[in-house]
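Visitor: Okay, handing you the structure first.
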Amino acid sequence: MAGRLVGLAVALGIGGPILAGLGFTLLAGFGWMPAIGQAGLGTAPWAAAFAAPGFATGLRLTLWTGLGATVLSLGLALALAQGMARDGGRRMRLIAPLLAVPHAALAIGLAFLIAPSGWIVRLVSPWATGWTTPPAFATTGDPAGLALILGLALKEVPFLMLITLAALSRVPVAAHMAAGRALGHSPASVWVRVIVPQLYPLIRLPVYVVLAFSLSVVDMALILGPSNPPTLSVWILRGYMAPDPAMALPASAAAVMQLGIVACGIGLWHLAERILARIGRAELRRGRRGGVLPQGAVRLAGALGAGLAGGSLLVLMLWSLAWRWPFPAALPETWSLRHWTGRGWGAATLETLWIGAAVVALCALLAIAWLEAEDRAGRRLPLTALVAAPLLIPQIGFLQGLNIAFLHLGLPPGRGTVIWAHLIFVFPYMLLALSGPWRALEPGLIRSAAALGAGPWRRLLAVKLPVLLRPILTAAAIGFSVSVAQYVPTLFMGAGRIATLTTEAVALSSSADRRVVGVYAVLQAILPLAAFMLAIAVPGALHRNRRALAGELTR
Amino acid sequence: MSLILSHVTLVPPGGTQPLFAPLDLTVAPGAVSTVMGASGIGKSSLLDFIGGHLPRGFVTTGGVTLDGIDLLPLPAEQRRVGMLFQDAHLFPHLSVGDNLAFGLGPDLRGKAARRAAVEQALERAGLAGFAARDPATLSGGQRTRVALMRALLARPRALLLDEPFARLDAALRAEIRGFVFEHVRRENIPALLVTHDAEDARAAQGPVVTL
Chain A
2 MAGRLVGLAV ALGIGGPILA GLGFTLLAGF GWMPAIGQAG LGTAPWAAAF
52 AAPGFATGLR LTLWTGLGAT VLSLGLALAL AQGMARDGGR RMRLIAPLLA
102 VPHAALAIGL AFLIAPSGWI VRLVSPWATG WTTPPAFATT GDPAGLALIL
152 GLALKEVPFL MLITLAALSR VPVAAHMAAG RALGHSPASV WVRVIVPQLY
202 PLIRLPVYVV LAFSLSVVDM ALILGPSNPP TLSVWILRGY MAPDPAMALP
252 ASAAAVMQLG IVACGIGLWH LAERILARIG RAELRRGRRG GVLPQGAVRL
302 AGALGAGLAG GSLLVLMLWS LAWRWPFPAA LPETWSLRHW TGRGWGAATL
352 ETLWIGAAVV ALCALLAIAW LEAEDRAGRR LPLTALVAAP LLIPQIGFLQ
402 GLNIAFLHLG LPPGRGTVIW AHLIFVFPYM LLALSGPWRA LEPGLIRSAA
452 ALGAGPWRRL LAVKLPVLLR PILTAAAIGF SVSVAQYVPT LFMGAGRIAT
502 LTTEAVALSS SADRRVVGVY AVLQAILPLA AFMLAIAVPG ALHRNRRALA
552 GELTR
Chain B
10 MSLILSHVTL VPPGGTQPLF APLDLTVAPG AVSTVMGASG IGKSSLLDFI
60 GGHLPRGFVT TGGVTLDGID LLPLPAEQRR VGMLFQDAHL FPHLSVGDNL
110 AFGLGPDLRG KAARRAAVEQ ALERAGLAGF AARDPATLSG GQRTRVALMR
160 ALLARPRALL LDEPFARLDA ALRAEIRGFV FEHVRRENIP ALLVTHDAED
210 ARAAQGPVVT L
C-alpha cells in the first residue's frame, strides 16, 4: 500500500514530466505548436533545421566532442584508478571537492586560465613569449571543440574515478593481481586483462550517464565550445531563445535529433564494448601480455588535469578580488573587495539557496519514503528505470516540451516549475546516494527495536533516521550541489525570469567583466562545498559522544 | 637447480619483531617441502616474499635464489614462480579455456598450437571438453585442478602452494593432493607447501620446517 503510494508519487512527479516533455517536444518537432499558431503536422521543421547554416558541422562537432570527452575521461579514469587502488583511494579525498563544483563554474575558471588573455599566458608573458597583447589564436571556443573536451574531462575524470574506486571494493584486486603476476603478466597487463573487464560491468551505467551528458551538455558548451557553428545543444538553445517564436519548431526538431543522437551514441558505445571485448579475448588467446598503458604519460596527464582544475578554481578567486589586472601582469595590480560588497549577487544567492533547499527537502522525503516503503513491503520497488531515465535523457531534449505541458496544465513558468524540474534530476542522485547505506543498516538494530515493542513508525523515526543521519545529510549535500549546478531546467522552467547563481554566471560569462563573473562563479562553487562541510560537521557535533555512528555501523 | 632460502626474516609493517627465526631451506627439484606453524606466524607472508607479492612496508632480510638466480630484485612476473592459493582465483570473466590461455606463455605461437596446448592441459586434469565452461560452474576439486594447470602452463621454475587443499573435503583432499604432487614430480621443479594439516606434510614426503 505504502509502496504503491510512493510509486505513484515518483511516477507522477518524475515519469509524468519526462513523458509529457518528450511528447510535446516530438509534436513541436513535427510542426504542432498551437501556442504560436502552428498546427500543421509535417516535416518542415526538420527541413528548416537541416537547411540552417553550419547545422551539419554542429552535428559532427557534437559527436566528436561528446564521444571524445567520454573516451578520454574513461580511459584516464581507469588508468589513474590503477595507481589509486594501490594506496586504498586515500588520494581520492584530494579530488573529491572537485566533484561538488558545478560544471559552469569550472568551465568559467578554465576559460579564464587557458584563454589567449588567460592566466597561463599572463604567467609566461612577456618574459618568455614577448607578447604584450593577447595572442590571436583561439584556445576557448576553438573550432574543433578541444577546450570543451578538456573542460568535460576535468569534471568527468574525478566522477568516473570515484565510481571506479567504489566498484573496486567488489573485485578481489590484490588476489587477482598476485595470481596474474605469478603467471608472468605485468601489473599493467593484469589490470587491463583481468581487473578492468570485471570492473566495467559495475560502472557501465555511470559511463552511459557521462556519455549522454557529454553529447548534450549546454552550459559548458556555451562557455568553452565553438560559437559559430556551435554544438547541436547550443543551436537548440538559441532556437528556443530566439526573438522569433517560430524558431522553436526547427529547434524542437533538433531536440528530437538530440535524443536520437544520445540513443545512437549509447548504442554505438555498447557495440564498441563488445568489439573491444572480442579483440581483447583474441589477443589473450594469442598470448599477448605486454603492458598497454604508458604509465609515465598517464601520470603526467593526471598531474596536468589536477593542475588545470586547481588553477581554474584559483583564478576565479583571483579575478573576484581583483580591481586592476591589465595584460600581461601575472597577478592583479590592485585588489578590491568592491565586487563582493556590492549587493548584485545577493538576490541570485538567495534564489539558489531557496530553490536548492526546497528541492532537497522534497527529494529527501521522497527518497526516505521510497526506501522505507521497500523495507515494509520486503521487496524492491520496480521503478529503477524511472530513476535512471533523467540521467540518460538529455535535458535539452525534453524540457521545452515540459514547459508547454506545464502551460497546458495552467502552471506558468516560475519558482514552482523550476523546483519541480530540478527535482527530476536531483532525486535520482539522492536515492542512489542514500540507498547503499540504508540497505546496509545493521538489521539486528531494527529487529531489536521491534522486539522492544517499537512499531514501524517508531522504528523509522527513533532508530533508522537518527542512525542514518550522516548518509542522509551527505545525500542532501549531493542533491544540493546537483540543484545548484542546473542551468537548462532553471532557464527554461523559469522562462528566463528566475535568476540563480548558475544562470547569472553563464549569462555573464560572455561579457567582458571577469571580476563580476568571478564573484558569481566563486559563489557557485562555494555553496556546494559549504553544504558538504555542513553534512560532515552537523553529525560530527550531534554524535560527538557516539563513536559507532562515525563509521562502520551505517556504511 | 633448487630453490634456496638463506637467513630469511620478515618484519611486518609497523612491527619490531621478525615473524619467525631466520629461515634456511633448500628445496630440490621434484621435491615438496612443507612449512608448518600456527596461523599468523607468517607462512603466507613467506610465500608472498618468495613470489614477489609482499605488500609494501615489510622489512625483509636474507636471500632467495632459484636455479642460482637471485629472485629478490625481480618483479613478480619475471620470477617464474607459480602459486596456488586456498582459493583457486580463476578469473570469473574468462572461460575455463581462456583462464588457461592467460597462463600459457607467449613463446608458444600459432592459434591451433595454443588451443591444442590448452586442450591437452584440460585432458591431463581430467576435464577434457571443459574449455568453454564458466569457472563458476566447477566444483572445488575441479577449480584446484584448473588452477594447477594454469600455473603449469606458465612454465614455472618453482611452485608455491598456499594451503590449496584447505577447502576441500577429506575424500577429495587426498586425490587432489596426489594429483598436484605427481605433477610437481613430473615437471621436476621445487615446490614449497604451506599447511596446517600434518596429513598434507606426510603426503608431501619432503622435509618439514616448523616456524
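Chains as they are written, first to last, in the working numbering: chain A, 2 to 556; chain B, 10 to 220.
Heads up, the beta-carbon is just placed ideally off N, CA and C, and yes, glycines get one too.
Keep in mind the model is a prediction, meaning the values are calculated, not measured.
(1) Let me know if C265 of chain A comes out buried or exposed under the rule of 16 or more other beta-carbons within 10 Å of its beta-carbon.
(2) Mark T555 of chain A as exposed unless 16 or more other C-beta atoms lie within 10 angstroms of its C-beta, in which case mark it buried.
(3) Can the beta-carbon of P216 of chain B be found closer than 8 Å to that of S11 of chain B?
(4) Determine the closest residue to L95 of chain A out of A:W132, A:L27, A:L351, A:G311, with distance taken between C-alpha atoms.
(5) Got a sec, what are the start and stop residues for the alpha helix (DSSP H) T503 of chain A sits in?
(6) Since G91 of chain B sits in a beta bridge, which residues does DSSP pair it with?
(7) Counting along the chain, where does the beta strand (DSSP E) carrying G71 of chain B start and finish?
(8) Consult DSSP for S15 of chain B and reduce its assignment to one of helix, strand or coil.
(9) Kindly identify the DSSP beta-bridge partner or partners of M34 of chain A.
(10) Leaving out five residues before and five after F67 of chain B in sequence, what residues of the same chain have Cβ atoms less than 8 Å from its Cβ?
(11) Enumerate in chain order the residues of its own chain whose CB-to-CB distance from V105 of chain B is below 8 Å, with the five nearest sequence positions on each side excluded.
(12) Are any of the Cβ atoms in chain A nearer than 8 Å to that of F111 of chain B?
(13) Give every residue of the same chain whose Cβ lies closer than 7 Å to the Cβ of P135 of chain A, excluding the five residues on either side of it in the sequence, and list them in chain order.
(14) When DSSP labels each residue in this structure, what does I267 of chain A get in the three-state scheme?
(15) For the region 275 to 350 of chain A, which segments carrying the alpha helix (DSSP H) assignment without a break, of at least 4 residues, lie completely within its bounds, in sequence order?
(16) Taking C-alpha atoms, which residue in A:A106, A:V197, A:A137 lies nearest to L155 of chain A?
(17) Quick check on DSSP: helix, strand or coil for R556 of chain A?
(18) Quick check on the DSSP output: the beta strand (DSSP E) that includes D209 of chain B runs from which residue to which?
(19) Please list, in chain order, the chain A residues whose beta carbon lies closer than 9 Å to that of V90 of chain B.
(20) Any idea if H409 of chain A is buried or exposed, counting beta-carbon neighbours within 10 angstroms, 16 or more meaning buried?
(21) Within 8 Å (strictly less), CB to CB, does Q199 of chain A reach chain B?
(22) Ordered along the chain, which non-local residues of its own chain (more than five positions away) have a Cβ less than 7 Å from that of A37 of chain B?
(23) Can you tell me which residues form a DSSP beta bridge with V174 of chain A?
(24) In the DSSP assignment, find the unbroken alpha helix (DSSP H) run with M10 of chain B in it and report its ends.
(25) Just the C-alpha distance for G72 of chain B and H16 of chain B, rounded to the nearest angstrom, thanks.
(26) Closer than 6 Å by C-beta to P429 of chain A: which residues in its own chain qualify, once you throw out the five before and the five after it? Chain order, please.
(27) Mind checking whether S253 of chain A and G30 of chain A have CB atoms under 8 Å apart?
(28) Grouping DSSP H, G and I as helix and E and B as strand, with all else coil, what is L202 of chain B?
(29) Could you give the distance in angstroms between the alpha-carbon of L400 of chain A and the alpha-carbon of M92 of chain B?
(30) For L100 of chain A, which residues of its own chain have a beta-carbon under 7 Å away from its beta-carbon, when the five flanking residues on both sides are left out?
(31) If we count the other Cβ atoms within 10 Å of its Cβ and call it buried at 16 or more, is R440 of chain A buried or exposed?
(32) What does the Cβ neighbour count give for A406 of chain A, buried or exposed, with the cut at 16 atoms within 10 Å?
(33) For S42 of chain B, write down the residues that DSSP places opposite it in a beta bridge.
(34) Kindly indicate which three-state DSSP category A175 of chain B falls into: helix, strand or coil?
(35) For E553 of chain A, count the other beta carbons within 10 Å of its own beta carbon; 16 or more makes it buried, fewer makes it exposed. Which is it?
(36) Is there contact here, the region 346 to 354 of chain A with the region 431 to 450 of chain A, by at least three beta-carbon pairs under 8 Å?
Guide: In brief:
(1) exposed
(2) Because the pLDDT of T555 of chain A is 40, which lies under 50, any placement of that residue in the model is unreliable, and the number read from its coordinates should be weighed accordingly. Counting Cβ neighbours within 10 Å, T555 of chain A comes out buried, since at least 16 surround it.
(3) no
(4) A:G311
(5) 502 to 510
(6) B:L168
(7) 68 to 75
(8) strand
(9) A:Q39
(10) L19, V20, P21, P22, S54, F58
(11) L99, L131, L136, F139, A140, A141, R142, D143, P144, L147, V155
(12) yes
(13) P117, S118, V122, F328
(14) helix
(15) 296 to 322, 339 to 342
(16) A:A106
(17) Reliability of the predicted coordinates at R556 of chain A is poor, the pLDDT of 36 falling under 50, and the value obtained from them is presented with this limitation in mind. In this structure, R556 of chain A counts as coil in the three-state DSSP scheme.
(18) Counting along the chain, D209 of chain B falls outside any beta strand (DSSP E), though it belongs to the alpha helix (DSSP H) covering 207 to 213.
(19) A183
(20) exposed
(21) yes
(22) S11, P199
(23) Answer is none; V174 of chain A lacks a bridge partner.
(24) Segment: none, M10 of chain B is in no alpha helix (DSSP H) and carries neither H nor E.
(25) 7 Å
(26) V388, P391, L392
(27) yes
(28) strand
(29) 58 Å
(30) P159, F160, L163
(31) exposed
(32) buried
(33) B:L201
(34) coil
(35) Caution is warranted here: a pLDDT of 42 is assigned to E553 of chain A, below 50, making its placement in the model unreliable, and no coordinate value can be reported.
(36) no
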